[in-house]
Every structure is written in C-alpha cells, then in structure tokens.
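Heads up, the thing below is written out as structure tokens.
Protein chains in written order, with the working numbering: chain A, 4 to 167; chain B, 230 to 587.
Below is the structure:
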C-alpha cells in the first residue's frame, strides 16, 4: 500500500521543481531553440520559393527568346517573300512596258514605212509622170514624122506603163 | 555557463561533504535470512538517505537533510543522525521534539514517550507522522536531473544564439532532432498546427524530464533512485496535465462532457457521468501507466538479481546477469517509450480540450 500512496513531500518538491524547470527551460531554452529552428525553417522555405521563382522566370525568359526568334524568322520569311514578289512584279512590269514600247516602235516604224512608201510611190508616180512626159516629149519630137513609128512607140510605152 | 557550473559543483561538493562512514553499528547480515521482497521494495521506494554500497559491513551513503513540519514549526536535521537505523531504535531530538525512522517513514514520538511501542500489527501506537518535506533520494536525484537538463538545454540554446546561420553545432545537433520530434510527431499532430505552440514548452519539459529520470533510475550505482517509478512523481505530473487540460478546455470540450451533441437526450444524460469520470480517468491512467511500467522494470531486474541470493550460489549468476541484462536493454527502450507515451497522451488531451466544433 505504501508503494501506491503518493508521499506528500515528494509531491511538494516535484511540483516546485517541475514549475521551476518549466519556467527556466521555457524562457531560456525552448523559446530560443524553437525560435531559431522555425526561423531557419522559414529561411529555407523562402530560399526554396525564390529559387523556384527564379527558375520560372528563366523559363519565361527562354520562352520569350524562342518567341522572338520565331517572330524574327517569320518576319524574315515575309520580307524575303515580299522582295521576291516585288522582283517578279518589276520584271513583269518591265516586260510589259518593253513589249508595249516595242509594239509602239513597231507600229511607228510600220507607220513610217507606210508613209515612206506612200511618199516613195508618190515620188515614183511623179518621176514616172515626168519620165512619161519627157518620153512623150522625145517620142513626140522624134516620131512626129513617122506615123507608124509613133504608134508603135505609144503602144510599147503603154505596155511598159502597165508595169506600174 | 558559469551559474550552471556553479550549481553543479556546489551539488557535488554538498554530496562529498555528506559522504560519511558509519562504523557505529555492526550489521550482522549472516543471521537474518535474505528477503527478496523487502530488498526489492526498499530499492523501489523512496529513502531518506542515499545508500551507495556497503563497505566492510557498514553502509556508505549520502546523508540527506530531513525537513519536518511539526506542531512546533519547521525543523530540519541530517539523516545521518539516525545512524542508518530504519527500525525506530535511534531517537533524534530536534526543535524540542523526538523523531524516529521506521521503514523510511519519520515518526514523531508523542510527548513523554521515550521509545516507540507497537501494536500487534507492528504499527506504532505512541507516535504520529509529521508533514515530511525531506530532501529524499528521489528529490535529490530529481535535482541532479534538473541540473543536467539545464546544462544540456541552456548549452543548446546558447549554441543557437552564437551560431550566425542557425545551424546547430555540437550538442545542439544532437538535441535538435529530439526537440523537432516532440514538435512534429507529438505537438503538431495531436494539438493541431495553429494551437500547438502554446503547449510546446510543457510537452518538451515533461518529455525530457521523464526521460532523463527514467534513465537515472536504470543507473545501478545510484541504487535505483526510482523517481519516475514513484507514484508521487507521476501523480504530480498527471495533475499538471489535468490542470492544463481543464483550463484550456473550450466550449466544445465542455459541451462534449456535459451535453454530448449528436445523440438523443436519454443518451446525453447517460453519457454525462461517463464523460465526467473520463475527465479524471485520463490523468489517472497517465499516472498509473508511468509508475507501473517503470516500477515493474525495476522489480524484474531486482528479482532476477535476487535469484543469486535466494539460491545462495554464484552458479546462477550467469543466468541472472544475462536475463537482467536483457531486461535492462528493454528498459532502456522503455525509458524513451514511456516518456513519449506520457507526452503524446498529454498532447492528445490538450488537443481534445482545444478542438473546435466541426
């Protein structure tokens, strides 16, 4: 029975000692220790979070870079295409213009040739007329006497004149 | 450091100065037969002097102060004045009163009595027990353990203060996992993330206080200063847990005791007395569990060692030693387990008391 009866003296000293221990350790040990530990844990947590942020930022940055590169590439592509089109257009235009010019020149030449020809024909007609008149004069001068010859001449002349 | 060191050295000095050889009385052990029960109970129970070992038939012990509150006020004297007498033979006069020590209890002789007399059941008839506030060997060992705890944890705390990055070094590196274990495996899961902080000092203190005293109880030369196996000690700690539980109880906690929600009214009335009993049974179970576990371990080890003396042969010694070594190893584990259980159950009760309605 003695064994399971709490002795007052030990209860008394245990209570006092325990309260003393609780106060001293609570103030001078648990508080600073737990404080330091949780402070460190917070520090680690913050460091991990900032590392994660930095990683994300890096990812964003490289994504941006990729995007910019892609844009630049497509822009270059577009510019090249544009240039090619421009070139083609220019060639096309030049070709058309050249053709038109050529056509115009040809037309002009043709017109000129026609006009020349006309003038030449007119000239020729004139010359032929003069020639005819001079021939006729000569014939008239020479053959006025000889009637047969006259007629023959006229006849041959007329035949010749038919050439025109 | 300096104050702690001073405390320890003064304790040591005190201890050495109390060491006394007592040759006055020749003890004749040959005549009395060996009584294992008496020996075991003597080791398991508290005592007024710190018996270390016998030397040439006389005990070597630390005398501890006896402090008594009598009808004539406070009186105190050294336990050495009883000359190791535990049978009520030696009468000590102090502060006008006479005292004897009988089976580790101090009796005050009634006025006029010159020697103690017994009834048929060996109870003293002419003496009564004064209030005994003596520094017994359990109190002494408790203070040694407190000194050690202060040394360990104040050193640990200083270690953190001195380190700039909060990285534990030296003893702090060893203690930190234990402290974090109490916080993360006991405090947080039992009480809850938001409220555990308030209870951490208490939980840490009882955990280490019980653990270190459990370990002290296992050191053979200290003669089983069986503090954590003493019901007074476990009673006091259980009372602390009870008081804290009761005072941290919120509306929800009291509602669950007096008017259990979610059950029919007859059931509520039926449950009320059960819950009220439960309120007290919880700390009582704490008290008995720690006391019984630690005491049982001591009793087993001592009983195994007693076999040598019961059989009166050294041939049984290897068996005794092997078994008691085995039990001692188990007891080393039990020291930590019992400290853990006391702490985790205390935390659980605090958690129940502060649980919010859900």
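Backbone N, C-alpha and C define an ideal beta-carbon position, used for all residues, glycine too.
**Q.** Residues that residue 390 (chain B) contacts on chain A, provided the C-beta gap is smaller than 9 Å
**A.** Mapped onto the second chain, residue 390 (chain B) falls at position 161. Here the neighbours are 35, 39.
Q. How many angstroms separate the CA atom of residue 584 (chain B) from the CA atom of residue 474 (chain B)?
A. Here residue 584 (chain B) refers to the residue found at position 355 when the second chain is read from its first residue. Here residue 474 (chain B) refers to the residue found at position 245 when the second chain is read from its first residue. Rounded to the nearest angstrom, the two C-alpha atoms are 12 Å apart.
Q. Given that a residue counts as buried once 16 or more other Cβ atoms are within 10 Å of its Cβ, and exposed if not, what is residue 403 (chain B)?
A. The residue given as residue 403 (chain B) occupies position 174 in the second chain. Exposed.
Q) Which value, in whole angstroms, describes the spacing of the CA atoms of residue 345 (chain B) and residue 296 (chain B)? A) The count along the second chain starts at 1 and reaches residue 345 (chain B) at position 116. The count along the second chain starts at 1 and reaches residue 296 (chain B) at position 67. Their backbone Cα atoms lie some 21 Å apart in a straight line.
Q. So, is the C-beta of residue 45 (chain A) closer than 8 Å to a C-beta in chain B?
A. The residue you call residue 45 (chain A) lines up with position 42 of the first chain. No, because no Cβ of chain B sits closer than 8 Å to the Cβ of residue 45 (chain A).
Q: State the DSSP-derived secondary structure class of residue 586 (chain B), mapped to helix, strand or coil.
A: In the second chain, the residue the question calls residue 586 (chain B) occupies position 357. Coil.
Q: Taking residue 316 (chain B) as the reference, give the member of B:305, B:307, B:333 with the closest Cα.
A: Sequence index remark: in the second chain, residue 316 (chain B) carries index 87 (1-based). Of the candidates B:305, B:307, B:333, the one whose C-alpha sits nearest the C-alpha of residue 316 (chain B) is B:333.
Q.
If you reduce the DSSP assignment to three classes, tell me which class residue 491 (chain B) lands in.
A. On the second chain, residue 491 (chain B) is found 262 positions in, with the first residue counted as 1. It is coil, neither helix nor strand.
Q) In the structure shown, what three-state DSSP assignment does residue 360 (chain B) receive? A) As a first step, residue 360 (chain B) is located in the second chain; it is residue number 131 there, counting from the start. Residue state, collapsed to three classes: strand.
Q: Mark residue 99 (chain A) as exposed unless 16 or more other C-beta atoms lie within 10 angstroms of its C-beta, in which case mark it buried.
A: Taking the first chain and counting its residues from 1, one reaches residue 99 (chain A) at position 96. Per the 10 Å Cβ criterion, exposed.
Q: Could you have a look at residue 574 (chain B) and say whether DSSP puts it in helix, strand or coil?
A: Residue 574 (chain B) sits at position 345 when you count from the first residue of the second chain. Looking at residue 574 (chain B) - three-state DSSP - the assignment turns out to be helix.
Q. Are three or more beta carbon pairs between the region 498-516 of chain B and the region 413-432 of chain B nearer than 8 Å?
A. no
Q. Can you tell me whether DSSP reads residue 421 (chain B) as helix, strand or coil?
A. Taking the second chain and counting its residues from 1, the one referred to as residue 421 (chain B) is at position 192. Reduced to three states, the DSSP call for residue 421 (chain B) is coil.
(Q) Against residue 457 (chain B), what residues of chain A qualify as contacts under a CB-to-CB distance less than 7 Å, listed in chain order? (A) Here residue 457 (chain B) corresponds to residue number 228 of the second chain, with the count starting at 1. Below the 7 Å Cβ cutoff, chain A contributes no neighbours of residue 457 (chain B), its closest Cβ being approximately 10 Å away.
(Q) Given a cut-off of 8 Å on the beta-carbon distance, is the pair residue 537 (chain B) and residue 530 (chain B) in contact? (A) The sequence position of residue 537 (chain B) within the second chain is 308, counting from 1. The sequence position of residue 530 (chain B) within the second chain is 301, counting from 1. Taking 8 Å as the Cβ cut-off, residue 537 (chain B) and residue 530 (chain B) do not qualify as a contacting pair.
**Q.** Secondary structure of residue 526 (chain B), DSSP reduced to three states
**A.** Counting from 1 along the second chain, the entry for residue 526 (chain B) is found at position 297. Three-state DSSP puts residue 526 (chain B) in a helix.
Q | Short CB-CB distance (under 8 Å) between residue 386 (chain B) and chain A | A | Indexing the second chain from 1 puts residue 386 (chain B) at position 157. Judged by the 8 Å Cβ criterion, residue 386 (chain B) is in contact with chain A.
**Q.** When B:329, B:391, B:374 are compared against residue 444 (chain B), the one with the closest alpha-carbon
**A.** For this step, residue 444 (chain B) is matched to residue 215 along the second chain. Ranking B:329, B:391, B:374 by Cα distance to residue 444 (chain B) puts B:374 first.
Q. Tell me which same chain residues have a C-beta within less than 8 Å of the C-beta of residue 325 (chain B), skipping the five on either side of it?
A. The residue labelled residue 325 (chain B) in the question sits at position 96 within the second chain. Within the same chain, residue 325 (chain B) has close Cβ partners 301.
Q: Give the residues from the region 354-374 of chain B that approach chain A closer than 8 Å (Cβ to any Cβ), ordered along the chain.
A: 360, 361, 362, 363, 364, 365, 367, 368, 371, 372
(Q) Taking the beta strand (DSSP E) that residue 288 (chain B) belongs to, which residues open and close that run? (A) Indexing the second chain from 1 puts residue 288 (chain B) at position 59. Where residue 288 (chain B) is concerned, the enclosing beta strand (DSSP E) stretches over 287-292.
Q: Take residue 331 (chain B) and list the residues in its own chain whose beta-carbon comes closer than 6 Å to its own, dropping the five residues that flank it on each side.
A: For the purposes of this step, residue 331 (chain B) is taken as the residue at position 102 of the second chain. Cβ neighbours of residue 331 (chain B) beyond the five flanking positions: 317.
Q: In the DSSP assignment, find the beta strand (DSSP E) that holds residue 280 (chain B) and state where it starts and stops.
A: Residue mapping note: residue 280 (chain B) aligns to position 51 of the second chain, counting from 1. Element bounds for residue 280 (chain B): 278-284.
Q) Excluding the five sequence neighbours on either side, which residues of its own chain have a C-beta within less than 7 Å of the C-beta of residue 487 (chain B), listed in chain order? A) Residue mapping note: residue 487 (chain B) aligns to position 258 of the second chain, counting from 1. 501.
(Q) Let me confirm a value: residue 560 (chain B) is counted as buried when at least 16 other C-beta atoms fall within 10 Å, else exposed. Which label applies? (A) Position 331 of the second chain, counted from the start, is the residue given in the question as residue 560 (chain B). By the neighbour-count criterion, in which 16 or more other beta carbons inside 10 Å mark a residue as buried, residue 560 (chain B) falls on the buried side.
Q: Using a Cβ cut-off of 8 Å, pull out every chain C residue sitting near residue 429 (chain B), in sequence order please.
A: As a matter of chain content, chain C is missing from the structure shown, whose protein chains are A and B.
Q: Can you grab the Cα-Cα spacing for the pair residue 53 (chain A) / residue 44 (chain A), in whole Å?
A: The residue labelled residue 53 (chain A) in the question sits at position 50 within the first chain. The residue labelled residue 44 (chain A) in the question sits at position 41 within the first chain. Using only the alpha carbons, I get a separation of about 14 Å.
Q) Between the beta-carbon of residue 365 (chain B) and the beta-carbon of residue 277 (chain B), is there less than 8 Å? A) Taking the second chain and counting its residues from 1, one reaches residue 365 (chain B) at position 136. Taking the second chain and counting its residues from 1, one reaches residue 277 (chain B) at position 48. Yes; because the gap between Cβ atoms is below 8 Å, this pair is in contact.
Q. Does residue 475 (chain B) have its Cβ less than 8 Å from a Cβ in chain A?
A. Indexing the second chain from 1 puts residue 475 (chain B) at position 246. So, not an interface residue.
Q: Identify, in the order they occur along the chain, each residue of the same chain with its Cβ nearer than 6 Å to the Cβ of residue 328 (chain B), setting aside the five sequence neighbours on each side.
A: Here residue 328 (chain B) refers to the residue found at position 99 of the second chain. Closer than 6 Å at the Cβ level, and outside the excluded window around residue 328 (chain B), lie 321, 335, 337.
Q: Give the interface partners of residue 275 (chain B) over in chain A, defined as CB-CB distance under 8 Å, in chain order.
A: Residue 275 (chain B) sits at position 46 when you count from the first residue of the second chain. Here the neighbours are 10, 13.
Q: Report back the beta-carbon spacing between residue 479 (chain B) and residue 367 (chain B) to the nearest angstrom; my notes put them in contact at under 8 Å.
A: For the purposes of this step, residue 479 (chain B) is taken as residue 250 along the second chain, with counting starting at 1. For the purposes of this step, residue 367 (chain B) is taken as residue 138 along the second chain, with counting starting at 1. Not really, about 37 Å apart at Cβ, beyond 8 Å.
Q. In chain B, which residues lie less than 8 Å from residue 62 (chain A) when you measure between Cβ atoms?
A. On the first chain, residue 62 (chain A) is found 59 positions in, with the first residue counted as 1. Within chain B, no residue comes near residue 62 (chain A); the closest Cβ sits about 30 Å away, beyond 8 Å.
Q. Chain A beta carbons: is any one of them nearer than 8 Å to that of residue 270 (chain B)?
A. The residue you call residue 270 (chain B) lines up with position 41 of the second chain. It does; some Cβ of chain A falls within 8 Å.
**Q.** Bounding residues of the beta strand (DSSP E) (the contiguous stretch that carries residue 336 (chain B))
**A.** Walking along the second chain from the start, residue 336 (chain B) turns up at place 107. Counting along the chain, the unbroken beta strand (DSSP E) around residue 336 (chain B) starts and ends at 334-338.
Q) Around the Cβ of residue 567 (chain B), are there at least 16 other Cβ atoms within 10 angstroms (buried) or fewer (exposed)? A) By one-based count along the second chain, residue 567 (chain B) stands at place 338. Answer is buried; the Cβ neighbour count reaches 16.
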